[in-house]
Structures are given as C-alpha cells and as structure tokens.
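The structure appears right after this line, and notes come after that.
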Amino acid sequence: MGALLAIGAVIVLMMVGVPVVYSFAAMTLVLSIVYDVDVSSLMTTGFWSVNSIILLALPLFVMTGYLMQAGGMASRLVHFVESLVGKSRTGMGSSMVMACGVFGAISGTASAAVASIGTIMIGPMEKHGYKREYTSALLGISSLLGLLIPPSLTMILYAVVTRQSVAACFLATIGPGILLIIMLCLLNWIKMRNAPGEVVKMTFKERTDLISKNFWKAMPALMLPVIILGGIYGGVFTPTEAAAIAVVYAIPVGLFVYRELSFKDLARCLVSAAATTGVIMVILVFSFVSSRIFTFERVPQELTELLMETFQNKILILLVVNIFLILLGMIMDDVSVVAIISPLLLPVMVNIGVDPIQFAAIVGTSVVIGCNSPPMAPILFMTCRIGKVGMSQVMKPALFFMFFAALPVMLVTTYWPPLALYLPKMFGYI
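Per full-length UniProt numbering, the sequence shown starts with residue 1, numbered consecutively.
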C-alpha cells in the first residue's frame with residue numbers, strides 16, 4: 001500500500017505540473033513517512049549509487065546530440081538518407097524514419113532528433129503532398145528510435161538501476177528498433193503512395209551522382225556511429241569511453257569540417273547538456289533511495305506474489321505489465337518510468353522466466369508508445385511545436401502509427417524473446 005501511495009503521489013504531482021525532480025523527492029518523502037525510514041542515512045547510498053563511471057556516459061551522449069544539432073551533422077545525414085531513399089512521395093517519409101534511426105545511433109535522444117530533423121524535413125515534405133499533422137505524427141514516433149537504436153540513454157539508465165550490462169541492453173533493442181523502422185516505412189508507403197503532391201523524378205546517373213555527393217558530405221557524421229558501436233563491440237573501449245570519444249570527435253567536425261559550430265554554440269551546448277544531465281542525476285538519486293526502501297520493505301517480492309496469485313498464466317502477466325508500462329508512459333517521461341518501474345518489476349519478470357535483458361527491450365518499446373500518448377506525450381507536444389500544428393490534429397495519425405507499428409513491435413518483443421536476445425547471445429553477453 002505504501003508503494004502504491006508513493007507512486008500515486010508522483011503521478012498526481014506530475015499531472016498537476018510539479019517538476020519531475022520535486023515529484024520524485026515527494027515520493028521518497030512519502031515512503032519515509034509510511035515505512036518510518038530515516039532518509040538521511042539512505043541519501044548517502046543514493047549519492048554513491050550515482051557516483052558511477054557508467055553514468056558518465058549520460059552527459060557525454062547528451063552533449064553529442066546537442067553538438068550534432070548545432071554543428072551541421074544532422075542536416076548532412078538527412079540529405080544523404082534522402083538521396084538513398086529518393087524524393088518520391090513515399091520516399092520522403094521513409095527518409096525521415098531512417099534519418100531518425102541514424103540520428104539515434106549517434107545521440108541516443110529523441111528530443112534532439114525532433115528539433116534537428118523536424119526543422120529540416122517538415123517544410124519540404126509538405127511540398128510533396130504530406131500534411132503537417134501527418135508529418136508531425138510520423139516524426140514523433142520516428143524520433144523515439146533514439147531510445148531503441150544504440151547508444152540509448154534510456155538503456156544506460158535501465159542498465160544502471162537494474163545492474164545489467166550496458167552493452168547487452170544496447171544490443172537487445174537493435175532488433176525491435178529495426179522492426180519499428182520497417183513497420184513505419186511500410187505504413188507510410190500504404191498511406192502516401194497515391195497522395196497528391198510534387199514528385200521528383202531522377203535518372204539512374206543523377207541518383208548515383210547525388211548519393212555520391214551527399215555521402216562524401218555526410219561521411220564525417222556517418223563515421224561517428226561506426227566509431228561508437230564498432231569500438232564498444234570490438235572491445236576497444238567501454239560505453240563511457242565511447243561517449244567521451246564521440247564528444248571529442250564531434251567538436252572538431254562541427255568547428256573545422258562543417259564550420260557551422262561556433263564557440264558560442266559550443267558554450268550553449270555545454271550549458272544545455274549540463275542542465276539536462278543535472279535533472280536526470282537528481283531523479284536517479286531519489287530513485288535509488290526509493291528502490292532501497294522498496295527492497296527493505298519487500299515490495300518487489302510482495303508484488304511478485306500478488307501477480308502470481310492473481311494471474312496464473314505467464315502470457316497474462318506479461319500483458320498486464322505491458323499495459324502498466326504504457327499507462328505509466330502516458331503520464332511520466334521515459335527517465336521516470338525506467339528509474340521507478342524497472343527495478344520494481346524486474347523480480348516479477350525474472351520469476352516468470354523473462355530474461356532481464358529482454359525486459360530492457362520490453363521497457364524500451366513500451367516507452368515509445370507512452371511518450372506519444374496524452375496527457376503528457378512530451379515528444380508529441382514537441383513535434384506539434386516544430387510542425388506548427390495543434391495536438392488535436394496530430395492525434396489521429398499518431399494513433400494510427402502507435403496501433404499499427406509501435407504496439408505490434410512491443411508485443412513481438414514481449415512474446416518472442418529471440419528478437420531481443422539473439423544479438424546479446426551472439427556477442428556472448430547471455
């Protein structure tokens with residue numbers, strides 16, 4: 001009961017507009033009162049929990065995302081992907097989806113993809129017959145590929161709070177991420193193949209020349225995911241070292257290669273990354289303290305027993321967990337869901353035979369749906385601002401993509417373990 005009261009307090013406070021950090025502090029306060037716990041002694045534990053070399057990757061990957069946005073990398077990536085897919089009606093939508101996937105392979109964040117790719121592509125797509133509300137909805141769901149395609153900040157947080165391998169969690173979401181890209185491109189082709197609008201036709205030579213031209217322009221940016229992922233899985237460096245190398249690489253590329261990053265922009269990126277990271281770190285401190293209280297009071301064990309007694313079937317328990325994650329994602333951001341719910345539900349998953357690495361992918365795919373669902377829908381609200389449309393206009397196409405792309409991907413990830421576990425097993429993490 002105390003755990004439900006604390007989580008309910010967080011949800012209510014966030015819904016009425018209280019900042020996330022203060023909402024988490026309130027949760028810790030409620031738990032300390034209900035269970036009569038001395039929080040002062042646990043705060044030291046919370047501090048030492050975030051004093052982790054793994055968590056150093058967070059500010060560095062956040063910084064990389066801001067540098068890409070300010071340094072001209074994003075626009076080069078978009079133009080290269082666009083030349084590959086083509087400027088046909090259906091090709092433009094597929095270009096946006098794939099560009100978000102490539103962007104996610106570098107920055108690991110959704111908001112940076114919305115700001116960078118949305119400002120570049122929404123206008124041109126309108127000329128090709130795309131309505132702004134449709135494009136904004138497609139951008140909203142596509143930008144969340146940054147939570148699935150590694151390196152992912154969400155997966156780093158999951159690995160830290162559940163004590164799992166960061167590299168294994170990265171690998172677990174590659175399959176769901178690729179499947180989501182395929183589903184979104186297929187749905188876009190179905191919706192837009194007969195839409196009116198401008199169509200650009202090119203000969204084979206013109207297409208190859210354009211691809212070659214944009215490839216050489218985008219090559220410095222394309223090398224970044226190769227360096228990050230190749231270095232991690234090649235055993236050259238850790239995820240934290242990869243994040244540091246990404247920042248060191250992105251700065252000179254923006255300053256001296258593309259020449260779009262000024263020292264003023266660099267300072268602004270540093271401040272923005274510090275502010276974003278500061279909020280996440282404080283949330284994690286309160287999350288670790290709350291998790292310790294949950295553990296002391298045997299809340300995960302009681303939750304496991306309750307679910308096992310209520311639902312005898314593994315499929316039903318997984319379905320309940322899916323629904324629970326989606327509902328929480330509707331009213332909480334991805335960081336909050338991962339920080340609170342992952343350590344609470346992980347014992348339940350382990351008890352019914354779900355691998356912790358597969359659960360990472362289940363959480364990731366559930367958050368993709370929640371972040372685009374009202375009342376919070378932080379990513380969808382951001383795409384509405386970029387696309388200059390109202391939320392009511394965007395909801396219909398957004399629900400279309402969620403029901404026919406994101407939801408099937410989540411269900412396949414949940415009920416077909418090889419999608420999430422094949423790569424971690426292949427690389428020897430399981």
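Every residue, glycine too, gets a C-beta built ideally from N, C-alpha and C.
- In terms of Cα proximity to residue 95, the closest of 65, 143, 55 and 56 is 143.
- For residue 429, the three-state secondary structure derived from DSSP is coil.
- In terms of Cβ geometry, residue 149 and residue 174 form a close pair [threshold 8 Å].
- Between residue 295 and residue 361, the C-beta spacing is not below 8 Å.
- Distance between residue 34 and residue 335, taken at the CA atoms: about 25 Å.
- Of the candidates 430, 395 and 367, the residue whose Cα lies closest to the Cα of residue 354 is 430.
- In this structure residue 331 does not touch residue 122 by the C-beta definition: roughly 27 Å separates them, more than the 8 Å allowed.
- DSSP places residue 135 inside the alpha helix (DSSP H), whose first and last residues are 132 to 143.
- A straight line joining the alpha-carbon of residue 346 with that of residue 291 spans about 12 Å.
- Every alpha helix (DSSP H) stretch that sits fully inside the region 249 to 317 and reaches 4 residues is listed by chain position as 263 to 296 and 299 to 310.
- By the criterion of a C-beta distance shorter than 7 Å, residue 169 is surrounded in its chain by 155, 158, 159, 357 and 360, once the five residues flanking it on both sides are discounted.
- In the DSSP assignment, residue 384 falls within the unbroken alpha helix (DSSP H) covering 378 to 387.
- Counting the other CB atoms within 10 Å of its CB gives residue 302 a total below 16, which places it among the exposed residues.
- Straight-line spacing of the CA atoms in residue 77 and residue 205 works out to 21 Å.
- The Cβ atoms of residue 419 and residue 370 do not sit closer than 8 Å to each other.
- With a cutoff of 8 Å on beta-carbon distance, residue 254 and residue 71 are scored as near each other.
- Of the residues 311, 267 and 99, the one whose Cα lies closest to the Cα of residue 352 is 311.
- For the set 364, 257, 129 and 41, the Cα lying nearest the Cα of residue 189 is the one of 129.
- The C-beta distance from residue 367 to residue 147 rounds to 6 Å, short enough to fall under 8 Å.
- 8 Å or more divides the Cβ of residue 162 from the Cβ of residue 52.
- Around the beta-carbon of residue 127, fewer than 16 other beta-carbon atoms lie within 10 Å, marking it exposed.
- For residue 395, the enclosing alpha helix (DSSP H) stretches over residues 391 to 401.
- Its chain contains 59, 62, 63 and 66 as the residues whose beta carbon lies nearer than 6 Å to that of residue 273, once the 5 sequence neighbours on both sides are disregarded; these appear in chain order.
- Residue 79 carries a helical assignment under DSSP once its states are collapsed to helix, strand and coil.
- Contact between residue 47 and residue 282 is ruled out by a C-beta separation of about 11 Å, above the 8 Å threshold.
- Check the Cα spacing between residue 79 and each of 203, 137 and 221: the tightest is with 221.
- Of all C-beta pairs linking the region 224 to 231 to the region 25 to 45, fewer than three are shorter than 8 Å, placing the two stretches out of contact.
- Taken atom to atom, the span from the alpha-carbon of residue 166 to that of residue 239 is near 7 Å.
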